[in-house]
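Protein chains in written order, with UniProt numbering: chain A, 1 to 177; chain B, 1 to 177; chain C, 1 to 177; chain D, 1 to 177; chain E, 1 to 177; chain F, 1 to 177.
Quick look at the structure:
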């Protein structure tokens, strides 16, 4: 009997507690979850400070920390492509076969439903307090971002001085020469 | 004796009556018209809802409907390239040899005139009422878009449920996870 | 009622009588045919001497010459992409919706059948005498290539001095500097 | 204290017992292993029959089967880039920070040693009998390929009819039209 | 003994007196200067009117005019890449080995310092009056742009009618068809 | 009065005495020479061992050594593009305006003559003894390659241990894992 697989894609800049709650809940609904790390090619900007590799570490260690059965999840970095009409095939190329997509994004929902996939709304959580934007803002302003993320995220950011990187990037640039 | 060929490029999102009027008038001035479908790689967005293939059907059927002699036009989808300095060569690679370009766009006019082409202003029509923007707005808001387009456009949009696609895409996205 | 559409893809370097026979026979089986001009980005080599635009002219004029109803065919140039797993979506993006693919190529057959398309063998014709390779060889060696192609191909090749182009390209290159 | 991480890259077409032996031995030398799935963009050819996603499943399940501690490995699909001089940075972008590269390939060894990495020869195993080429040849010829691979590889290939795919791809193509 | 080389990158749209002052001062600090012409692929827009080739002429002739020793500088056009994490390697691929980067841009500073380069602030000059933006604005509005640039820039812009190009590009485009 | 400019393109792997002789002779025929460093993106292979930046140093220093007037030459690295029909525009984008192309390559000659350029055969020299292939072979086999190249090439290759690089790359690779 084939397994029921669902996919959930996020930029994870950085991995925070909201991601972990969503993954937990999706695992109650499917046999295996594919976790796509979106915009894998982006890094070193205020909105996307961390490389794909750094985000893979955060997520991998956070799931191991949490004791999630490693045969039940796949972590896949995904680069953007500039062709909406090829996006579903691109995701399929990079992932195990799946039948359900969890997304709240209208474009993603439209593209996958045109290809015959079942689209489900991702489980709810406290989105106002727990967002990548909130974590990054606290990092820049010296607030308590650590309470919003798993230990694995804290460890990786310390290992690479990620805190300093995002602060440096936030300094206003001098005008063009 | 070689034929005089003119080229006219538009995004055709979707094909509407203004495009058909322009094509009619250009055919009074040249032997053959090349109709470029621009930004062929874009689809599934509010500004570019339809794929290149869908736009080719609209245009091809609208010209057949109208009884335009098929030996007098060429329909060519064209992807964007991000190098202005290569744009003229890119268009030439994809098309029959031509000598006149019809365009109201300053960049296109400048690029082609630097390469020695004759640039002509496209024939006038009622641009305020007949624009891609107007057609797409009416589709989203449930207005009468059908009166602005040829039957071929209506038929194709019905065949692919294009109406529903653009409405879905217009729903406000939930905030980033 | 939706139309039955079939697709047939060839490099058409150049368009020859074999292509025209195949198109005729496919039109007996489907309502509309999509004719893909493959490897659209290639030109100016011994194996691919003609640009996409030049091949579009040959095919368009050959079909008009033959009196094929213009509402029954679509001519679409297609660039190669280096991702087999995205090829079917790429073709779908560029074309009207279709359900049948005509191909004798194992890779194409495999890719489309994995996506649920009906794959048919293209109609037979005299493939030994009528191939792009044979036409190009005769052009280089000064043989009678004209008997293998429709008039439209002869006209276009004369218009662009295509004969001279392929002969020049066949001169052995001097060694690298 | 930072962990010692080593990286090992292979195309894994498909994952076989030799890969598993190498991974076991590397894990005796480092804290964490990064396993790169190379040429991730290739699939559906005789030399590269499986998509990146299919290879991820094989490897992920084979490691779970074997009981390897999930906090000690990372599986990262890697697309080729056509710039040797950017390869090391590309690998670094996609992976956790690492200091040792395991490779028997001269180009890879040269590129990484120019950037100051420690390069180690991958642990030895019976390379004559255990290679991707041998597995694929047996699949095409109907031999016993199953004895060369972990159960996870067998399961995935059965799930996607991979056996039939590679046999179909091996049929000689008819000549170009 | 190896030479100390420093690199300075600018878009040079167009080359102006500020660039020349910076280059003079950097040459007091290093043995050889690498001058990168950034965004080499851009041209024919209001913000980037000139091609890479045109900018190379301006800079090359301005340095010869000034009598700078030709064995002490390198002029290298550099196309943008959309991967911040690969940018340093891309610059290294295109240039002689160097150890110091002169930049006032936070992203550039961060990327190069993560790779162990010494980052220095470019020498100061009168940035308010001497900027590419100021030169381009004066060209469009018919002001005295010539006083802000070296003779070589004036000569090249005259040779290619660059004045007319930027004026044409500044005409407001008619609305989309 | 506009200057007569000629262009000469070579891969320069590495710069050798034949290149210098050609440049000398072309400078007797034109006011300014544009020297294109071809396949700029390639490096670290047996046929293309050196990066674009390394080749720029060799050429720049060799010309300074020789006392060639720096206002009379331009050195431009050029990446390959996979579209023959765009090649002429790509070269034009990267270079000062020119009217003559020096090339012995049939494809280059055909492409530029179709665009109306004057094509000249590069001046002759002893091509059997003086080729990039010969220099690279001697480097691998430990022969006297130094006598075939200018001092600038020797200096740069010593600075980067280029000798060792090409020897390492020539070691036969072990079979695929």
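Glycine included, every Cβ here is placed at the ideal spot set by N, Cα and C.
* What residues in its chain sit with their C-beta under 8 Å from that of residue 106 of chain F, if we drop five residues either side in the sequence? -> none
* To do: Tell me where the alpha helix (DSSP H) around residue 187 of chain D begins and ends.
  => This structure cannot settle anything about residue 187 of chain D, because the visible part of chain D is limited to 1 through 177.
* Give the DSSP-derived three-state secondary structure of residue 177 of chain E in the structure shown. => Any answer about residue 177 of chain E is weak, because its pLDDT of 49 lies below 50 and its placement is not dependable; what the coordinates show is given next. Note: residue 177 of chain E maps to coil in three-state DSSP.
* Asked: Excluding sequence positions up to five away, which residues of its chain have a Cβ less than 7 Å from the Cβ of residue 50 of chain E?
  -> 13, 14, 43, 162
* Asked: Taking just the CA atoms, how far does residue 159 of chain A sit from residue 81 of chain E?
  -> 27 Å
* With a cut-off of 8 Å, do at least 3 Cβ pairs link the stretch 82-95 of chain B to the stretch 120-135 of chain C? -> no
* To do: Give the secondary structure of residue 7 of chain A by DSSP, where H, G and I count as helix, E and B as strand, and everything else as coil.
  => strand
* To do: Answer with buried or exposed for residue 11 of chain E, where buried requires no fewer than 16 other C-beta atoms within 10 angstroms of its C-beta.
  => buried
* Where residue 164 of chain B and residue 77 of chain C are concerned, what is the direct C-alpha to C-alpha distance, given to the nearest angstrom? -> 29 Å
* Using the DSSP secondary-structure output, state which residues sit across from residue 36 of chain D in a beta bridge. => D:9, D:76
* Residue nearest to residue 96 of chain B in terms of C-alpha spacing, selected from B:132, B:108, B:74 -> B:74
* **residue 2 of chain F at chain D interface by Cβ criterion, 7 Å** => no
* So with Cβ pairs under 7 Å, would you call residue 64 of chain D a contact of chain E? -> no
* To do: Since I believe residue 17 of chain E is in contact with residue 149 of chain E (beta carbons under 8 Å), could you give me their beta-carbon distance rounded to a whole number of angstroms?
  => 6 Å
* Use the C-beta contact count for residue 6 of chain F: other C-beta atoms within 10 angstroms, 16 or more gives buried, fewer gives exposed. => buried
* Helix, strand or coil: how does DSSP classify residue 157 of chain D here? -> helix
* Is the distance from the Cβ of residue 154 of chain F to the Cβ of residue 146 of chain F below 7 Å? -> yes
* Buried versus exposed call for residue 92 of chain D [16 or more other C-beta atoms within 10 Å across all chains shown] -> buried
* For residue 26 of chain E, which three-state DSSP category applies? -> helix
* Run through DSSP, which three-state label would residue 100 of chain A get? -> strand
* To do: Could you please tell me which residues of the UniProt domain "Cytidyltransferase-like" (7-138) of chain F, in chain order, have their CB closer than 8 Å to any CB of chain B?
  => 83, 85, 86, 88, 89, 90, 92, 93
* Quick one: what's got a C-beta closer than 6 Å to residue 119 of chain A's C-beta in the same chain, skipping five residues either side? -> 101, 109, 112, 113
* **With 16 other Cβ atoms within 10 Å as the buried cut-off, status of residue 41 of chain E** => buried
* Asked: From what residue to what residue does the alpha helix (DSSP H) around residue 135 of chain C run?
  -> 132-141
* Three-state secondary structure (DSSP) at residue 197 of chain E? -> Nothing can be reported for residue 197 of chain E: it is not among the residues displayed for chain E, which extend from 1 to 177.
* Do residue 46 of chain E and residue 170 of chain E have their CB atoms nearer than 7 Å? -> yes
* Give the residues of chain C in contact with residue 171 of chain B, contact being defined as C-beta atoms less than 7 Å apart. => Per Cβ cutoff of 7 Å: no residues; residue 171 of chain B is ~23 Å from chain C at best.
* Can you name, in chain order, every residue of its own chain whose Cβ lies under 6 Å from the Cβ of residue 61 of chain C, other than the five neighbours on each side? -> 152
* By how many angstroms is the C-alpha of residue 69 of chain E removed from the C-alpha of residue 53 of chain B? -> 57 Å
* To do: Check the Cβ of residue 158 of chain E against every Cβ in chain B and list those closer than 9 Å, keeping chain order.
  => Ordered by position in chain B, no residue passes the 9 Å Cβ test against residue 158 of chain E, which lies about 15 Å from the chain.
* State buried or exposed for residue 4 of chain F, treating a residue as buried only when at least 16 other CB atoms are found within 10 Å of its CB. => exposed
* Asked: Excluding sequence positions up to five away, which residues of its chain have a Cβ less than 7 Å from the Cβ of residue 139 of chain D?
  -> 145, 163, 166
* Asked: When we look at the beta-carbon of residue 178 of chain C and count the other beta-carbons within 10 Å, is it buried (16 or more) or exposed?
  -> Outside the modelled stretch of chain C, which goes from 1 to 177, sits residue 178 of chain C, for which no answer is possible.
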